[in-house]
Each structure stands twice: as C-alpha cells, then as structure tokens.
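Just below is one structure, and these are the notes that go with it.
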Amino acid sequence: MRPNYLFGMRQAARQAKALQIPEIAAIEFGVAGGMGLLEMEQVAESLQAETGVRFRLYGFDLETGLPPSDDYRDLPYLWRAGFFKMDRAKLERQLKRATLIIGNVGETVLAFIERYSPPVIGFVSFDLDLYTSTKPALNLFNSAASHFLPRTFCYFDDIVGDLDEVHCEWVGELLAIREFNDAHAARKIAKINGLSWKFGAPTQWHDQIFVLHLFDHPAYKQYINERTDWQLPLPE
Numbered sequence: 737m738r739p740n741y742l743f744g745m746r747q748a749a750r751q752a753k754a755l756q757i758p759e760i761a762a763i764e765f766g767v768a769g770g771m772g773l774l775e776m777e778q779v780a781e782s783l784q785a786e787t788g789v790r791f792r793l794y795g796f797d798l799e800t801g802l803p804p805s806d807d808y809r810d811l812p813y814l815w816r817a818g819f820f821k822m823d824r825a826k827l828e829r830q831l832k833r834a835t836l837i838i839g840n841v842g843e844t845v846l847a848f849i850e851r852y853s854p855p856v857i858g859f860v861s862f863d864l865d866l867y868t869s870t871k872p873a874l875n876l877f878n879s880a881a882s883h884f885l886p887r888t889f890c891y892f893d894d895i896v897g898d899l900d901e902v903h904c905e906w907v908g909e910l911l912a913i914r915e916f917n918d919a920h921a922a923r924k925i926a927k928i929n930g931l932s933w934k935f936g937a938p939t940q941w942h943d944q945i946f947v948l949h950l951f952d953h954p955a956y957k958q959y960i961n962e963r964t965d966w967q968l969p970l971p972e
C-alpha cells in the first residue's frame, strides 16, 4: 500500500474517530491508469478494520489524458497532451467501491457535493500535474466547513519528481497552493512541520503531505489528544 495514502487516510480516520464521525470521504484528483485508486480501496478496507471508520472513495479524471497547454505555469517542458490516459472499462472492472467522476475537473468539482452527497471529506490526493487543473480542483475547499474534517489531509504528487522536474511556488501545484492561501484568510494549506522527524528518517512523500487547516471549522478547537492528562513533575 502506498505509504502516503496510508498515512493521510489513517490520520483522517483517527481524527474522525476522535470527533465521533463514523464515515469519511477520500478523493483522488488525477486517476490516470487507476493504480492509485485501487490502492486507495485497499487502504480504506484495512483502515476500516483498524479504526472502525468507514470510507467512501471518489476518483476524478478527464479519461483522455492531460489536456493541451502552452501555459508556462503548466510546465509544458515536462508534460505533453495525452499523457496518463485511462482505460476506463478496464479500471471499472477492477474497482470494488470507488466512484469514478469523469470530465473537466473545473466543472465536475463544482457539482460534486450536491450530486454525490459525500460524507465528511478527510483526505484528498492531488495528481493533476497542471496548474490550470489543480487550481480549479482546489475550489472544492471553498465548500462549507461542515463538509470537511477540521484538519483535512492532502497529498500533492507533482511537487518533487525526478531531476528534470524543478518545481517552485511560481508554477504547477505549488503555485495553485500559494494562490489558494493568498485568497483565504481562514483556510490554509500547509505542510506538517518536521514530519520526517516524526518518522526518524526522511523520504520523498513526507514533503508531499499537506493539511488543509479550516480555522473557521466549529470543531477546529475541539480537543482530540488521546492523553487525558499530561504533566512533567519534578522527581521527589
């Protein structure tokens, strides 16, 4: 199972359990061939057994691969139109529980909550490659706070990559994140400070995990720490 999905979805499930939320949604923007969504199904099954929290899964994709773009913010030096096509029929035969949402993400994301009535959203993976696709996908986070966990876990795929990928905050997914943060005073997408130290050894996906902090969420301040008391007394 992908450790980035396992971590993000487990943290979401733990938070949901602490808040007494029985079911949450996990979303993948950019399904491509479908390996990630199939692994998301495996993670959901495992975590449901571990935590008791149920998952509903959704995958957004254009099906026909990356759209054409000559916008420098879309990093055309890396991506070509038609990359990452989906064999929809083949994927649908293998999916057990996830729902595919096919179409232009700028349109499908706006109708998502009304059309599909998802449970509280706890984890979102962004693997759309392009700035002009990621920016409209982030419009999901403009929805009412009640549709999210107070701290919704996110994974952004296209911010590290290989040696030819020189990502920065003025292009691609990082630019979309920066513009979202600039436009929202009460909601911020941020990395988990020191995440690698929590695991003891750094690895790439640690730098790709973010959290949407909904400071306007009524449960953002609700105590969820498992410790009922925490003291550091001096020795006798």
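Position in the sequence shown (from 1) plus 736 gives the number in our numbering. Beta carbons: idealized from backbone N, C-alpha and C, even for Gly.
Cα atoms of residue 857 and residue 799: separation of roughly 23 Å, rounded to the nearest angstrom. In this structure, residue 793 keeps its C-beta atom at 8 Å or more from the C-beta atom of residue 888.
Between residue 900 and residue 765, the C-beta gap is not smaller than 8 Å, which leaves the two residues out of contact.
Around the C-beta of residue 776, 16 or more other C-beta atoms lie within 10 Å, and the residue is accordingly described as buried. Under the 10 Å beta carbon count, residue 958 is surrounded by fewer than 16 other beta carbons and is classified as exposed. Put simply, the segment 802-811 does not touch the segment 742-761. Fewer than three CB pairs are less than 8 Å apart. Of 966, 836, 816, 781, the smallest CA-CA separation from residue 770 is found for 836. The DSSP-derived three-state label of residue 922 is coil. The residues 931, 932, in chain order, have a CB closer than 6 Å to that of residue 942 in the same chain once the five nearest residues on each side in sequence are set aside. Within the same chain, 841 come within 7 Å of residue 869 by CB-CB distance, once the 5 residues on both sides are set aside.
Less than 8 Å separates the beta-carbon of residue 896 from that of residue 944. For residue 827, no beta strand (DSSP E) encloses it; the enclosing alpha helix (DSSP H) starts and ends at 824-830.
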